[in-house]
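Asks: Can you keep this structure in mind? I'll have questions shortly.
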Amino acid sequence: MNYFEFYAIPVAFLLDESDLKQKYYELSRSYHPDFHTLATATEQEAVLEKSTLNNQAFKTLASFDSRLKYILDLFGKLKTEGENKVPQDFLMEMMDINESVMELEMEPSRERRDHLRNQIKEMEDQALAAISTMLRAEISQLADDDWKVITDYYLKSRYLRRLSDNIEKMLD
C-alpha cells in the first residue's frame with residue numbers, strides 16, 4: 450500500500466495540506482499505542498506498524514520535495530542513486546555559477562554570497578514555474594515527455610539545493 454492509498458487520497462504533486470494534516474491526526478488517534486494497551490501482542494504490533502506508517506507517510510507527503518521524489522519513485526521515474534543524470538544543458542549553465550562559488554571560497558564576501566543565493570533562488574523559481582501546469586495535472590494525464598521534464602526539474606532542484614546549502618556554510 451502506498452502512502453496515498455493509506456490516506457485514501459489521489460496521487461498528486463499538489464495536495465490540500467490541511468486535508469492531509471486532518472487525515473494524519475485522525476489516524477494518529479486511531480493507531481496511538483496508548484489506546485490499544487489491552488489488545489493482544491499481535492494486535493499491538495500491528496497498531497504500532499500502522500502508527501509508524503502514518504508518521505512516515507505524513508512526513509513524506511507533507512513536504513513538496515519529498516512528495517515529488519516519492520511520486521517519481523512510485524512511478525519508476527528515478528533510477529538508483531548515482532545513476533540519474535542532470536541534463537547536460539543545465540550543467541553547462543551551472544559552470545558560471547560554480548566558478549562564482551569557487552571565487553567566493555577564495556575571497557569570501559557577503560555581497561557575493563547574497564548575489565549567488567539570489568541567482569540560485571531565481572533559477573529554482575524559473576524551473577518550478579516551467580512545470581507548474583504539469584504539477585496541477587492529473588497524474589494519469591501526464592505524457593512520457595511530461596514525466597521527463599518533472600524528473601529533470603527534481604534533479605536540477607536537488608543540485609541547486611546542495612549548491613545553495615554549500616554557499617550558506619561559507620560565511621557562517
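Each residue of the sequence shown is one higher than the one before, starting from 450 at the first, in our numbering.
Just so it is clear, CB atoms sit at the ideal spot from N, CA and C, and this is done for glycine as well.
Which whole runs of the beta strand (DSSP E) in the region 575 to 612 are 3 residues long or more, in chain order?
Replies: Qualifying beta strand (DSSP E) stretches: none in this window.
Asks: Can you tell me which of Met551, Leu527, Glu573 and Tyr519 puts its alpha carbon nearest to the alpha carbon of Phe539?
Replies: Comparing Cα positions, the closest option is Glu573.
Asks: Can you look up Ser549 in the DSSP assignment and give me helix, strand or coil?
Replies: The answer is helix: DSSP assigns Ser549 an H, G or I state.
Asks: Can you tell which of Leu604, Leu463, Leu464 and Arg559 has its C-alpha closest to the C-alpha of Glu532?
Replies: Closest option to Glu532, Cα to Cα, is Leu604.
Asks: How would you write the range of the alpha helix (DSSP H) that Asp468 sits in, first residue to last?
Replies: Glu466 to Ser479 is the extent of the alpha helix (DSSP H) around Asp468.
Asks: Once DSSP output is grouped into helix, strand and coil, what is the label at Ala495?
Replies: If DSSP states are grouped into helix, strand and coil, Ala495 belongs with the helices.
Asks: Does the Cβ-Cβ distance between Pro536 and Met619 come in under 8 Å?
Replies: The answer is no: Cβ separation not under 8 Å.
Asks: Write down the C-beta distance between Ala506 and Phe455 rounded to the nearest angstrom, noting that I regard them as a contact closer than 8 Å.
Replies: With 8 Å as the limit, Ala506 and Phe455 qualify as a contact, their Cβ atoms being about 5 Å apart.
Asks: In angstroms with no decimal places, state the Cα-to-Cα distance between Gln590 and Ala457.
Replies: Taking the straight line joining both Cα atoms gives about 20 Å.
Asks: For Ser606, count neighbouring C-beta atoms within 10 Å of its own C-beta (all shown protein chains included) and say buried if the count is 16 or more, exposed if not.
Replies: Ser606 is buried by the Cβ-count criterion.
Asks: Sort His481, Lys526, Lys499 and Phe453 by Cα distance to Asp593 and report the nearest one.
Replies: The shortest C-alpha separation from Asp593 is found at Lys526.
Asks: I'd like the list of long-range same chain contacts for Val433, defined as Cβ closer than 6 Å, with 5 residues on each side in sequence excluded.
Replies: Because the chain is modelled from 450 through 621, residue 433 falls outside the range shown and cannot be assessed.
Asks: Would Pro482 and Leu497 be called neighbours here (beta carbons separated by less than 8 Å)?
Replies: The answer is yes: Cβ separation under 8 Å.
Asks: Do Leu553 and Ile616 have their CB atoms nearer than 8 Å?
Replies: Against a cut-off of 8 Å, the Cβ pair of Ile616 and Leu553 comes out as a contact.
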